[in-house]
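Step one of this worksheet: look at the structure below.
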Amino acid sequence: MLEVNPPPVSGLVPSIPQSGLSIAEAARRTGVSAHTLRYYERAGLVITDVDRTHGGRRRYRQQDLNWITVCTKLRATGMPIKTIRRYAELVSAGPGNEQERLALMEAHRADVTAKLAEIQENLKVIDRKIGVYRGRLAAGDADRLWAPTADTN
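Counting from 1, one number per residue, gives the positions in the sequence shown under UniProt numbering.
In structure tokens, the structure reads:
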């Protein structure tokens, strides 16, 4: 089914002028540097060719910025460049590979979920340490907390 008016996706950039945006403005709107935008193009992470002016300057369209935002979210969650490139290749190829795209996203989600679980466990240790410090400070005996001593040998 074709979606004529797709719902807005959280985190995507606001609409842009029909003429597109310069690389500096695209960088500002996506939160990545112009260098990163150029790198994403060279690395094969962008799903369409970025438009150019007659003078050869890049002009980013809404689709470009939305895709770059997706790439930055995938990267921020630890997806390797190689995998983002593969995903971009699949999307660029068009219909017929949705099952592979789904498998790629599900595998990444599993990785992110495992990392989140590990971070939650680490946070529990931090919370315990905070509780100890607060309790000792409130009791007035924080000076009795363990601290390494200098070796006098």
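Think of the CB as a built atom: it goes at the ideal place given N, C-alpha and C, for glycine as much as any other residue.
Query, Result
"7 Å CB neighbourhood of ARG75 in its chain, flanking five on each side removed", "ILE84"
"Residue closest to GLY56, alpha-carbon to alpha-carbon, out of PRO80, GLU118, SER22", "SER22"
"Nonlocal neighbours in the same chain, by C-beta distance under 7 Å from GLN62, ignoring five residues either side", "SER15, ILE16"
"Per-residue burial, MET105 [other beta carbons within 10 Å of its own, 16 or more giving buried]", "exposed"
"Distance between LEU90 and ARG100 (C-alpha atoms, nearest Å)", "It is worth fixing the name first, because residue 100 is Glu in this sequence and not Arg. Approximately 8 Å, taken between the alpha carbons."
"DSSP state of ARG58 mapped onto helix, strand, coil", "strand"
"Exposure of GLY31, with buried meaning 16 or more beta-carbon neighbours within 10 Å", "exposed"
"CB of ALA43 within 8 Å of CB of ILE68, strictly", "no"
"Inter-residue spacing [alpha-carbon to alpha-carbon] between GLY94 and HIS108", "21 Å"
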